[in-house]
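The structure under discussion appears below in the form of structure tokens.
2 protein chains.
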Amino acid sequence: MAQSGRRPHVVVIGAGFGGLRTVKALADVEVDVTLVDARNHHTFQPLLYQVATAGLDVDDVCAAVRGIVAKQANARAVQARMTSLDSDAQRVELDTGQSLEFDHLVLAMGAVTADFGVPGVAEHAFGLKSAADARLLRNHVLTCFEQAAADEQARARLTTVVIVGGGPTGVEMAGGLAELFDRVLRSDFPDVDIDEARVVLVEGAPDVLGAFQPALRAKALDRLKRFGVDVRLGTTVAGVGSASVTFTDGTSIDTSTVVWAAGVRANPVGAVLGFETGHGGRIVVDEDLRVPSHANIYVVGDLAIDPQNPLPQVAPVAMQGGDHVARSIAAAVASTATPPPFEYVDKGSMATIGRNAAVVQLPNGFKLSGFVGWSAWLGLHLIMLIGFRNRANVLVNWAWNYLTYDRGSRVIVELDAKAASGSV
Amino acid sequence: MAQSGRRPHVVVIGAGFGGLRTVKALADVEVDVTLVDARNHHTFQPLLYQVATAGLDVDDVCAAVRGIVAKQANARAVQARMTSLDSDAQRVELDTGQSLEFDHLVLAMGAVTADFGVPGVAEHAFGLKSAADARLLRNHVLTCFEQAAADEQARARLTTVVIVGGGPTGVEMAGGLAELFDRVLRSDFPDVDIDEARVVLVEGAPDVLGAFQPALRAKALDRLKRFGVDVRLGTTVAGVGSASVTFTDGTSIDTSTVVWAAGVRANPVGAVLGFETGHGGRIVVDEDLRVPSHANIYVVGDLAIDPQNPLPQVAPVAMQGGDHVARSIAAAVASTATPPPFEYVDKGSMATIGRNAAVVQLPNGFKLSGFVGWSAWLGLHLIMLIGFRNRANVLVNWAWNYLTYDRGSRVIVELDAKAASGSV
Chain A
17 MAQSGRRPHV VVIGAGFGGL RTVKALADVE VDVTLVDARN HHTFQPLLYQ
67 VATAGLDVDD VCAAVRGIVA KQANARAVQA RMTSLDSDAQ RVELDTGQSL
117 EFDHLVLAMG AVTADFGVPG VAEHAFGLKS AADARLLRNH VLTCFEQAAA
167 DEQARARLTT VVIVGGGPTG VEMAGGLAEL FDRVLRSDFP DVDIDEARVV
217 LVEGAPDVLG AFQPALRAKA LDRLKRFGVD VRLGTTVAGV GSASVTFTDG
267 TSIDTSTVVW AAGVRANPVG AVLGFETGHG GRIVVDEDLR VPSHANIYVV
317 GDLAIDPQNP LPQVAPVAMQ GGDHVARSIA AAVASTATPP PFEYVDKGSM
367 ATIGRNAAVV QLPNGFKLSG FVGWSAWLGL HLIMLIGFRN RANVLVNWAW
417 NYLTYDRGSR VIVELDAKAA SGSV
Chain B
17 MAQSGRRPHV VVIGAGFGGL RTVKALADVE VDVTLVDARN HHTFQPLLYQ
67 VATAGLDVDD VCAAVRGIVA KQANARAVQA RMTSLDSDAQ RVELDTGQSL
117 EFDHLVLAMG AVTADFGVPG VAEHAFGLKS AADARLLRNH VLTCFEQAAA
167 DEQARARLTT VVIVGGGPTG VEMAGGLAEL FDRVLRSDFP DVDIDEARVV
217 LVEGAPDVLG AFQPALRAKA LDRLKRFGVD VRLGTTVAGV GSASVTFTDG
267 TSIDTSTVVW AAGVRANPVG AVLGFETGHG GRIVVDEDLR VPSHANIYVV
317 GDLAIDPQNP LPQVAPVAMQ GGDHVARSIA AAVASTATPP PFEYVDKGSM
367 ATIGRNAAVV QLPNGFKLSG FVGWSAWLGL HLIMLIGFRN RANVLVNWAW
417 NYLTYDRGSR VIVELDAKAA SGSV
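Sequences listed follow chains A and B, in order.
Here the numbering used here is used: the first residue of the first sequence is 17, the next is one more, and so on.
Here the numbering used here is used: the first residue of the second sequence is 17, the next is one more, and so on.
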């Protein structure tokens, strides 16, 4: 509720696709907006697998939140974690010691990797939800190959990567790794027989890309196999160790690298706010994306669930949710009629398997695959990337990778500079 | 000495400018070459300050050693540290457990930052010798500004950077930071008064860029001041703490960020090999860059010193040294006449202060500065960068930065992904 003498204050927690879209859609509304995120950057998560497979740089898929927000007169950014929320006093506390009073609050903290209680995942598996995750995984895979070059005994384990989860993330990661192995590491590591290196994709369901039409699932599976990926369908993981992964059928694979792409759950921060949560820990919202008990608190994206109309945890849902919430806030501020309930418009799905190979499914049943699908995937992702500079760099990197089969980013940078450099 | 039945084996330790040039110059010589480096990448050190000031990505200034070497039929690369050298048995041991017998050995492990015994440097100051150093410094500066936005009391300290050392590295770092502050952080941090943020450059001598002609030193000093850098000449550091730096005149500056660019010493690995060392711990070599006691062991670059003819620790000396050593090895292998002693040809020096401002000094007394000098600096560095892909990306980043005054890389990536992501 606007107090007299100042404009209503909208606080948005989370600078992912949902939060960022909310802020942008409020650009022409008579409000002040504060965007809070624990990181200083937006992460373009759909391309993290390219960072992990040495195709793109970290800076290509991240954009500084302050830089994005600086262009918008009514918005400012704060790097901080929310430590508490008082819904009645309309105030959030931040770990920087700051406290923000709000008239409208938008929660958009997204999702994190879910281990579904499988032992060893938290300790040994690699996630792929942040730029740091992707960089860590890249460092690890390249370091394993370096070790494999010197250690014949452990070579098979060191050059085997097991990816758990046959959704778009797992499929894209598997395809990207298979290309990295075949096109780059084969020549970089003459001492290692790359044909003995393995990319294994494990999926509990009978198909990869379960959200796609059967014909596209079959195409994706065929492509993965042609790229040399060992696809194991109907297989579920019982446990992950530092040197192996075990399946529920009792078999196991020796590996130093398990990538966990089996699914997500809501950001656990959501659960401690005191609101009702539903499937996967997502905060229950009404048809307007509001928390039922508080008309001025909204939840968008992966963190939200309307039990009457559960939606997939994908970027387009978050972005359209952000647009909707901005419309609702604008209506409340201007005291005009509440807009119609949120309705998600599915514009289709896509997943790329590798060079010249992607599957695209449009809502009218239209589908694309192969080179045409891949071109569509490429174009859309270039357009979606935030900031021209990132686009230009990504274009240079992709063109270079495509033309030369090279991957320019296969540089292991020590994560702990002080310990590693020994220089000062 | 070549054993019958196999080609002579040349082992090169270090993939900096000197080691890499040695390997390349041996491409057409009848030898097998093994290049060993503790990192998996060559680092283009002259541009690390651009990574630290958010102008370039880590991957722009690094190139995978295996990728460089893969193009050369007689060379291979190993990522490892040398743990011991037996000069008489002609064998080096690596931390991977491998052991390499050599006919010729080239030591090219370069230099590390020297703290000259000043207390607190090792614990609190930031170096700028590796990509990880540069990334850590960038993260730190941006994090300090985030903290400054939330903490008015500590703001002055958090937004003050003190750079120690007025050589090219210190001057370039000071200019780059001043630009970052003025052009980017000013708009990113509306809560912080950038005019109170300070870049301080400290130099013990009465001039910056002491290796340059007086006219160019004066030009550089003038430019630094125009960019807003607080230059303190004739000032030496007594100690560095976590929140301040103290000078020998008893004064001090409150700062959370001290960049130590005051000088280098030879890689300490050199000192444990049992060879005679000279000034700065550099291994003493003869006029042929050989260790006097062992005709088949060479030292090139920052690690070497010929007491009769001490040369500066800069990239051109290392590269020309690599060429010379390759010629000597080629002559030994072919049993032809030993080439004439190593003679360094000084092709000039350059340092950039910032946008449109650089100083260039050629050995014939010719000098350039301002926009012309800056263009020369830009062109030379683009040509020198290894690998087309890096060049293209660097060009995109620089063009973008120049045209928009933006810095695209101001992304804080957590260095410890496992601790920071909380995702798996």
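Glycine included, each C-beta is placed from N, C-alpha and C at the ideal position.
Only a predicted model underlies this, so the values are computations on that prediction, with no experimental measurement involved.
Output yes or no for whether 9 Å exceeds the beta carbon distance between valine 429 of chain A and leucine 72 of chain A.
no
Thinking just about the alpha-carbon of each residue, which of A/Glu117, A/Asp111, A/Ala124 is nearest to the one in serine 103 of chain A?
When only C-alpha atoms are compared, the closest one is A/Glu117.
With H, G and I counted as helix, E and B as strand and the rest as coil, what does DSSP make of methionine 366 of chain B?
strand
Along the chain, which unbroken stretches of the alpha helix (DSSP H) at least 4 residues long are found entirely within the stretch 75-159 of chain B?
Runs found: 81-86, 137-140.
Please report whether the beta-carbon of arginine 82 of chain A lies at a distance below 9 Å from any beta-carbon of chain B.
Interface residue, yes.
Can you name, in chain order, every residue of its own chain whose Cβ lies under 7 Å from the Cβ of alanine 353 of chain B, other than the five neighbours on each side?
Ala347
Taking Cβ to Cβ, would you say valine 316 of chain A is nearer than 9 Å to alanine 124 of chain A?
yes
Pick from B/Leu144, B/Met335, B/Thr129: whose alpha carbon is nearest that of lysine 363 of chain B?
B/Met335
Who does glutamine 61 of chain A pair with in a DSSP beta bridge?
Answer is none; glutamine 61 of chain A lacks a bridge partner.
State the DSSP-derived secondary structure class of glutamate 168 of chain A, mapped to helix, strand or coil.
Coil, per DSSP.
Indicate the three-state DSSP secondary structure (helix, strand or coil) for valine 410 of chain B in the structure shown.
helix
So, is leucine 419 of chain A buried or exposed, given that buried needs 16 or more other C-beta atoms within 10 angstroms?
Classification for leucine 419 of chain A: exposed.
Which same chain residues, not among the five before or five after alanine 259 of chain A, have their C-beta less than 7 Å away from its C-beta?
Arg173, Asp270, Ser272
Sufficient close CB pairs (3 or more, under 8 Å) joining the stretch 207-218 of chain A to the stretch 373-392 of chain A
No contact exists between the stretch 207-218 of chain A and the stretch 373-392 of chain A.
Given a threshold of 16 other Cβ atoms within 10 Å of its Cβ, counted over all protein chains shown, does arginine 22 of chain A qualify as buried or as exposed?
exposed
Closest residue to phenylalanine 33 of chain A among A/Pro62, A/Val47, A/Val45 (Cα-Cα distance):
A/Pro62
Leaving out five residues before and five after glutamine 377 of chain A in sequence, what residues of the same chain have Cβ atoms less than 7 Å from its Cβ?
Cβ neighbours of glutamine 377 of chain A beyond the five flanking positions: Phe228, Gln229, Leu232, Gly364, Ser365, Lys383.
Could you spell out where the beta strand (DSSP E) holding leucine 249 of chain A opens and where it closes?
246-249
At a Cβ threshold of 9 Å, is tryptophan 393 of chain B touching chain A?
So no, tryptophan 393 of chain B is outside the interface.
Can you give me the C-alpha to C-alpha distance between lysine 434 of chain A and alanine 130 of chain B, rounded to a whole angstrom?
Reliability of the predicted coordinates at lysine 434 of chain A is poor, the pLDDT of 46 falling under 50, and no value is obtained from them.
Three-state class that DSSP yields for alanine 436 of chain B in the structure shown
Bear in mind that a pLDDT of 38 at alanine 436 of chain B, under 50, signals an unreliable position, so the model cannot answer this.
Under a Cβ-count criterion, where at least 16 other Cβ atoms within 10 Å of its own Cβ denotes burial, should isoleucine 399 of chain B be classed as buried or exposed?
exposed
Which residue from A/Arg151, A/Glu168, A/Pro222, A/Ala148 puts its Cα closest to that of glycine 183 of chain A?
When each option's Cα is compared against that of glycine 183 of chain A, the closest is A/Pro222.
Is it the case that the stretch 50-57 of chain B contacts the stretch 92-106 of chain B, given that we only count it when at least three CB pairs across the two stretches are under 8 Å?
yes
Using a cut-off of 9 Å between C-beta atoms, extract the partners of threonine 112 of chain B located in chain A.
Correct list: Glu162, Gln163, Ala165, Ala166, Asp167.
Going straight from the alpha carbon of tyrosine 421 of chain A to that of serine 146 of chain A, what length do you get?
26 Å
Residues of chain A with CB closer than 7 Å to the CB of proline 206 of chain B, please, in chain order.
Arg92
Spell out whether any CB of chain A is found under 9 Å from the CB atom of alanine 31 of chain B.
no
Going by the CB atoms, is the gap between aspartate 318 of chain A and histidine 340 of chain A shorter than 9 Å?
Contact: no.
Taking any Cβ of chain B, which residues in the stretch 284-306 of chain A have a Cβ under 9 Å from it, in chain order?
Taking 9 Å as the Cβ-Cβ cut-off against chain B, the residues of the stretch 284-306 of chain A that qualify are Pro284.
8 Å Cβ shell around glycine 244 of chain B - same chain, five flanking residues per side excluded
Ala194, Phe197, Asp198, Val215
Could you name the residues of the stretch 55-71 of chain A whose beta carbon sits closer than 8 Å to any beta carbon of chain B, in the order they occur along the chain?
Arg55, Asn56, His57
Alpha carbons only, please: which of B/Ala311, B/Asn372, B/Asp149, B/Arg306 is nearest the one belonging to glycine 191 of chain B?
With distances taken between Cα atoms, glycine 191 of chain B lies closest to B/Asn372.
Residues of the stretch 419-431 of chain B in Cβ contact with chain A at a cutoff of 9 Å, in chain order, please.
Thr420, Asp422, Arg423, Gly424, Ser425, Arg426, Val427, Ile428, Val429, Glu430, Leu431
How far does the alpha helix (DSSP H) with alanine 277 of chain A in it reach, from first residue to last?
Alanine 277 of chain A -> no alpha helix (DSSP H), and no H or E assigned at all.
Determine the closest residue to valine 274 of chain A out of A/Phe387, A/Ala86, A/Ala408, A/Cys160, with distance taken between C-alpha atoms.
Residue A/Cys160 is the option with its Cα nearest to valine 274 of chain A.
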